[in-house]
Amino acid sequence: MGCGVTKTSEFNRKFDKAMKAAVLIQRWYRQYAARMEVRRRYTWNIFQSMEYADLQDQIKLYNFLGYLMDNFTPSKNEVCRDAEWERYFSYNNITVPDIYSGPRLTFPLDMDQAAHLVEAFKNKQLHSRYVLQLLLETWKLLRVLPNINRVSTCHSKEITICGDLHGQLEDLLLIFYKNGMPSLEKPYVFNGDYVDRGKDSIEILLILFAFLLVFPGDVYLNRGNHEDHIINLRYGFTKEVLNKYKLHGKRILKLLQKIFSWLPLVTVIDQRVLIVHGGISDTTDLALIARVDRHRVSRTNGKSHRILSSALSSDSEPESSEFTDTGNDEWKQILDLLWSDPMSHDGCIPNEVRGGGCYWGPDVTEGFLNRHNLQLIIRSHECKQDGYEFCHNRKVLTLFSASNYYEVGSNRGAFVRLGPDLVPYFVQYQATSMTRGLSFPQNVKRTEHTALKVLREQLFVHKSDLLSAFQEIDKENTGLICLNDWASAIERVLHLDLPWRVLHPQLVSSTTDGKLDYHGWFRDLHIEQTMLETLYRHRSTLETIFRIVDTDNSGLITFEDFRQTLKLLSAYLKMEISDEVINELVISTDTNNDGSIDIDEFMEAFRLVDKSRLERGKSLEYT
Amino acid sequence: EVTETSKKSIVTFSEIHHFLLSDTIITETQKRISNAFDVFDHESNKTVDVREIGTIIRSLGCFPSEADLHDIIAELEEEEPTGFVRYEKFLPTMTKILLERKFRPITEDLLLQAFEVLDQQKKGHLEPEELTKYLTQEGEPFTQEEMDEMLSAAVDPDKNVILYKDFVSMMTFDDTR
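The listed protein sequences correspond, in order, to chains A and B.
Numbered according to our numbering, the first sequence terminates at residue 623, and the numbering increases by one at each position without gaps.
Numbered according to our numbering, the second sequence terminates at residue 1177, and the numbering increases by one at each position without gaps.
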């Protein structure tokens, strides 16, 4: 008796046998762990490619949504002076009822009130009166801050830096628990992306702003790419605020729009370490960044918006020379700071995936650090499995503070401390009680399960395109297709860079003679009957559009608004739709005949439009 | 009745069949290798970090020891080690490994036998300390991280021992889908 894989040894000593048994168990376990690692890795790939693919579609719509915003928000006759805005945001006429049990703030805020807020947010919501008051004070403060925060580690202060939080309050609480709350002795830098995706974005903002007001010399906030009201429409922050603050949500959002535009762009520590949300490009110039009017620079100065607006206005006047190339440059500089990602090759190329910023290489880092006499770039913007990751010869550090970002168990979060020696000290964490009970393989399986569910939905959503692709290959209409063809068809249709052949055992339950019955396969994808294919693909976009058009947040839009929307959409998509057709569409959309259009009727209308376009052989692709 | 001629034609036919089959097998094998490689090719430039090689080989169903991996990696590295392995080098090496069926799987009963050997008092279970001692000190020792991971899946939370019979059947069942 012995382990069959090695030669039977002459020595039959227990020790020798035990050693062989140990080797066998080690060899086996390492193989098992490797297979778990691969599953974890492609699960990660799934989430990442879905995230970027989604974002890409959205960026294409960015300009259109912006234009729609300008047409439908009350700021059409916009007041120009800040004093007038302060009147609009006035909270004085908002009364707080006696039964309100949340924090009652008095200004100026102090440390105890800030700490009390943190505690209260575990189960309470701050009244809109105090929200507006706090935001107004924040806005006043931000307006006097420079574009570049300058921080020093003198007096032996260690500075704590946090990355993306994305509305995950539990992570912020965990950071404060492990590291202490911000104070004179404990300065913090927060590197953007406080909102969207997670469910407590407004609470995180209120906490950070409260500490900013109490310790303005020790709390530094950078702007992230999600501190943008159009991104918020799509990624959940707008929805969160409107749900939590039904009466004053719009006012709060408008004020936040201003606050976001006034957030500083970067932070520099000891003139040696740069902290910025996205990154840099080969043209990034801090001297230029220091000079821009950051709250004025926005997409409205950008070229593409200008073209769209003149195409759509019937009595178009030549654009004023306000929109010069300088406007374009400044916008690009800011986009680069907030959207760029590092890459491993030298060079600097536009970031097509994100639709803004660029990919920058180690040579660009080298050049930038030398020009500005810096030694390290700390950035966020990308989720990392261990919460942080170095690249570019340890000259660039990515820091991400939202743990379990894709799913429970998907990644750890991290924050970093820098003392006068500027050597980073990392603390990692994972904020959920659920992961603690799970073993490593259970963790992997759980995350994998979610990723695959999301992936199956995507496959189902593209059913008609996939079916056409399959039928193109299966010319004899046997209903069968081999796995190679299955994989290549999916690659062509979905444009998701995933290892489909490695994934296929998870997505395909059975094959006969190596061939897949693709009709049966669609049936087996187990999607609920109510989720209609064409709708789902565009659902989030349509929701966003509806929310923009619904200016009073009543859940209803007028016929006239709907007509306007269709006209704008058709102009943007370069579709020819006559007024007659539009009128017919509008009337037929109001299926319950109550004289206005609610979100369900709105969605239904687009399904009809989509289908007829499909019948004409076109697809609803936004250009 | 099998004549000489018919024997020859049978042989020829089966040789052709074998040749055709193995050609398909080679292509299928290479596709598998390519896909496994791609999972770790983060920059999409047909290179992977040398430290991932072990994981890739194991994900393709092989059970090499650490010593085996050490030899393979030495073969795959460049003249001047860059820390990366190129696909052009990896493919032929891995194809050979798969076609020759080196590093064959460890079956459930072999694994069970190994645990039984370690259970010298024939208790039917192992103490976590016992197993830890063997696996972190003998053979090709586990790191603390590897040991902790294995224990988290292996130790029965109520009795605080490793019921290895159940553990082995649970782990090997997981693989089949």
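Cβ coordinates follow ideal geometry from the N, Cα and C atoms, glycine included.
Values in this document were obtained by computation on a predicted structure and should not be read as measured data.
Host beta strand (DSSP E) of residue i (start-end)
i, result
"residue 190 of chain A", "188-190"
"residue 104 of chain A", "Taken as a continuous stretch (DSSP letters only), residue 104 of chain A belongs to no beta strand (DSSP E), as it is neither H nor E."
"residue 266 of chain A", "266-269"
"residue 89 of chain A", "Looking at the DSSP string, residue 89 of chain A is not in any beta strand (DSSP E), and its letter there is neither H nor E."
"residue 627 of chain A", "Shown here, chain A extends from 1 to 623; a query on residue 627 of chain A therefore has no answer."
Chain-order list of residues whose beta-carbon lies under 6 Å from that of residue i (same chain, five-residue window excluded)
i, result
"residue 431 of chain A", "170, 171, 174, 403"
"residue 465 of chain A", "493"
"residue 1063 of chain B", "1103, 1105, 1106"
"residue 546 of chain A", "599, 602"
"residue 237 of chain A", "195, 196, 201"
"residue 410 of chain A", "404, 447"
Same chain, Cβ closer than 8 Å to residue i, neighbours up to 5 away in sequence not counted
i, result
"residue 395 of chain A", "362, 365, 366, 369, 375, 376, 377"
"residue 185 of chain A", "157"
"residue 101 of chain A", "124"
"residue 504 of chain A", "483, 486, 487"
Identity of the residues DSSP links to residue i by a beta bridge
i, result
"residue 413 of chain A", "A:429"
"residue 252 of chain A", "Beta-bridge pairing links residue 252 of chain A to no other residue."
"residue 515 of chain A", "A:482, A:512"
"residue 556 of chain A", "A:598"
"residue 349 of chain A", "A:359"
"residue 1041 of chain B", "Paired residue(s): none; residue 1041 of chain B is not in a bridge."
"residue 397 of chain A", "A:378, A:390"
"residue 151 of chain A", "A:269"
"residue 341 of chain A", "A:359"
"residue 418 of chain A", "A:159, A:424"
"residue 1047 of chain B", "B:1086"
"residue 164 of chain A", "A:400"
"residue 276 of chain A", "A:266"
Endpoints, the alpha helix (DSSP H) within which residue i is located
i, result
"residue 522 of chain A", "518-524"
"residue 502 of chain A", "500-507"
"residue 408 of chain A", "From DSSP, residue 408 of chain A is part of no alpha helix (DSSP H); its letter is neither H nor E."
"residue 1132 of chain B", "1128-1137"
Counted within 10 angstroms of its Cβ, other Cβ atoms place residue i as buried (16 or more) or exposed
i, result
"residue 193 of chain A", "buried"
"residue 133 of chain A", "buried"
"residue 449 of chain A", "exposed"
"residue 1057 of chain B", "buried"
"residue 261 of chain A", "buried"
"residue 188 of chain A", "buried"
"residue 1170 of chain B", "exposed"
"residue 425 of chain A", "exposed"
"residue 1142 of chain B", "buried"
"residue 106 of chain A", "exposed"
"residue 17 of chain A", "buried"
"residue 1101 of chain B", "exposed"
"residue 594 of chain A", "exposed"
"residue 349 of chain A", "exposed"
"residue 293 of chain A", "exposed"
"residue 253 of chain A", "buried"
"residue 152 of chain A", "exposed"
Cross-chain neighbours of residue i in chain A, by beta carbon under 8 Å
i, result
"residue 1138 of chain B", "18, 19, 22, 23"
"residue 1120 of chain B", "14, 18"
"residue 1095 of chain B", "Those do not exist, as residue 1095 of chain B stays about 16 Å from chain A at its closest Cβ, beyond 8 Å."
Listed by chain order, chain A residues near residue i by CB distance under 7 Å
i, result
"residue 1091 of chain B", "Those within 7 Å of residue 1091 of chain B in chain A number zero; the least Cβ separation is about 15 Å."
"residue 1036 of chain B", "502"
"residue 1072 of chain B", "Those within 7 Å of residue 1072 of chain B in chain A number zero; the least Cβ separation is about 14 Å."
"residue 1134 of chain B", "18, 22"
"residue 1055 of chain B", "34, 37, 38"
"residue 1031 of chain B", "501"
"residue 1117 of chain B", "17, 18, 21"
Contact set for residue i: own chain, Cβ-Cβ below 7 Å, skip 5 residues either direction
i, result
"residue 524 of chain A", "509"
"residue 43 of chain A", "447, 448, 451"
"residue 482 of chain A", "514, 515"
"residue 250 of chain A", "553"
"residue 83 of chain A", "none"
Distance cut-off 7 Å: residue i Cβ against heavy atoms of the ligand NAP
i, result
"residue 208 of chain A", "Of ligands this structure carries none, so the ligand NAP is not represented either."
9 Å Cβ cut-off: residues of chain B touching residue i
i, result
"residue 28 of chain A", "1063, 1105, 1106, 1110, 1111, 1114, 1171"
"residue 97 of chain A", "Correct list: empty, because the minimum Cβ distance to chain B is about 49 Å."
Partner residues on chain B for residue i, Cβ-Cβ distance less than 8 Å
i, result
"residue 41 of chain A", "1039, 1040"
Interface residues of chain A facing residue i [CB-CB closer than 9 Å]
i, result
"residue 1048 of chain B", "The premise fails here: residue 1048 of chain B is roughly 11 Å from chain A at the closest Cβ pair, so nothing lies under 9 Å."
Neighbouring residues, chain B, relative to residue i (Cβ below 7 Å)
i, result
"residue 488 of chain A", "What residue 488 of chain A touches in chain B: nothing, since even the nearest Cβ is about 11 Å away."
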